[in-house]
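*Asks:*
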Amino acid sequence: PVLVVIVTGMLLQWKRQSDWIQPPTAIGAGSIPEIGFDQILAAARSVEEAGITGWDDVDRLDVRPGKGIVKVRSNTRWEVQVDVLTGEVLQSAYRRSDLIESLHDGSFFHKRTTLWVFFPASVLLLVMWLTGIYLFLLPYIAKRRRRARRRATGGPQ
Numbered sequence: 003p004v005l006v007v008i009v010t011g012m013l014l015q016w017k018r019q020s021d022w023i024q025p026p027t028a029i030g031a032g033s034i035p036e037i038g039f040d041q042i043l044a045a046a047r048s049v050e051e052a053g054i055t056g057w058d059d060v061d062r063l064d065v066r067p068g069k070g071i072v073k074v075r076s077n078t079r080w081e082v083q084v085d086v087l088t089g090e091v092l093q094s095a096y097r098r099s100d101l102i103e104s105l106h107d108g109s110f111f112h113k114r115t116t117l118w119v120f121f122p123a124s125v126l127l128l129v130m131w132l133t134g135i136y137l138f139l140l141p142y143i144a145k146r147r148r149r150a151r152r153r154a155t156g157g158p159q
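Okay, so the sequence shown: first residue is 3 according to the working numbering, each after it adds one.
#1: May I ask you to verify whether the region 70-82 touches the region 91-102, counting CB pairs closer than 8 Å and requiring at least 3?
#2: Looking at the strands, I want to know which residues DSSP matches up with I71.
#3: Evaluate the contact criterion for the region 9-27 versus the region 38-46: three or more CB pairs, one atom per stretch, below 8 Å.
#4: Please determine if the region 124-138 and the region 53-71 are in contact, where contact requires at least 3 C-beta pairs separated by less than 8 Å.
#5: Using the beta-carbon count (16 or more within 10 Å), is V65 buried or exposed?
#6: How many Å lie between T155 and Y136 at the Cα?
#7: Starting from L117 and walking both ways along the alpha helix (DSSP H), at which residues does that stretch end?
#8: Taking C-beta to C-beta, are I71 and G134 nearer than 8 Å?
#9: Can you tell me the Cα-Cα spacing of E103 and L13, whole angstroms?
#10: Do G108 and P3 have their C-beta atoms within less than 8 Å of each other?
#11: Are the beta-carbon atoms belonging to S76 and A52 less than 8 Å from one another?
#12: Between R47 and the rest of its own chain, which residues show a CB-CB distance below 7 Å, the 5 nearest in sequence each way excluded?
#13: Out of H106, R152, H112 and S99, which one is the CA nearest neighbour of T10?
#14: How is the alpha helix (DSSP H) around S94 delimited, first residue to last?
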């Protein structure tokens, strides 16, 4: 689990810089939504790869008024970006970041994996990190204590 968390965490750090992990956000013509849900669904249906035939095939809508788009995420992890002014499909691409996030938190494997495998592994990793820091600092702490004792007793420093 720790290896999965580390590798997927590294990939997630790059999701905004990598079009392969997460498609870049397009910019639409307007900022006020002028189209309805029917037009959004029709635009999403026009992208065959997304496999959207109805609302049951849509995982979520992500409305970005500042960018002038609606991101339609399908259950097949395809993302269709629709202009909120014209209803035009601005971009469609496969979105891997959600898959990577589910691997990262363990929910990909099973719902209980998150709490019963990944959480204990993260607690153990934290304990190992803290004890590793302590063991790294221990010689410096001992050296400082010896100097303090020598100064207190008036011995050679």
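Idealized CB from N, CA, C, for every residue including glycine.
*Replies:* Taking the structure as given:
#1: The region 70-82, when compared against the region 91-102, does touch it at the 8 Å Cβ threshold.
#2: Stepping through the sequence shown from its first residue, residue 71 is reached at position 69. DSSP lists R66 and D85 as partners of I71.
#3: By the Cβ criterion, the region 9-27 is not in contact with the region 38-46, since fewer than three pairs of Cβ atoms, one from each stretch, lie closer than 8 Å.
#4: No, they do not touch.
#5: Position 63 of the sequence shown holds residue 65. That one is exposed.
#6: Along the sequence shown, one-based indexing puts residue 155 at 153. Along the sequence shown, one-based indexing puts residue 136 at 134. Straight-line spacing of the CA atoms in T155 and Y136 works out to 27 Å.
#7: The residue you call residue 117 lines up with position 115 of the sequence shown. L117 -> no alpha helix (DSSP H), and no H or E assigned at all.
#8: Within the sequence shown, residue 71 is the residue found at index 69, counting from 1. Within the sequence shown, residue 134 is the residue found at index 132, counting from 1. Taking 8 Å as the Cβ cut-off, I71 and G134 do not qualify as a contacting pair.
#9: Translated into positions along the sequence shown, residue 103 becomes position 101. Translated into positions along the sequence shown, residue 13 becomes position 11. Roughly 9 Å between the two C-alpha positions.
#10: Translated into the one-based positions of the sequence shown, residue 108 becomes position 106. Translated into the one-based positions of the sequence shown, residue 3 becomes position 1. Between G108 and P3, the C-beta spacing is below 8 Å.
#11: Stepping through the sequence shown from its first residue, residue 76 is reached at position 74. Stepping through the sequence shown from its first residue, residue 52 is reached at position 50. In this structure, A52 lies closer than 8 Å to S76 by Cβ.
#12: Residue 47 sits at position 45 when you count from the first residue of the sequence shown. Around R47: I54 and T55.
#13: Working through the sequence shown from its first residue, we reach residue 10 at position 8. When the alpha-carbon of T10 is set against those of H106, R152, H112 and S99, the nearest one is in H106.
#14: Position 92 of the sequence shown, counted from the start, is the residue given in the question as residue 94. For S94, no alpha helix (DSSP H) encloses it; the enclosing beta strand (DSSP E) starts and ends at V91 to Y96.
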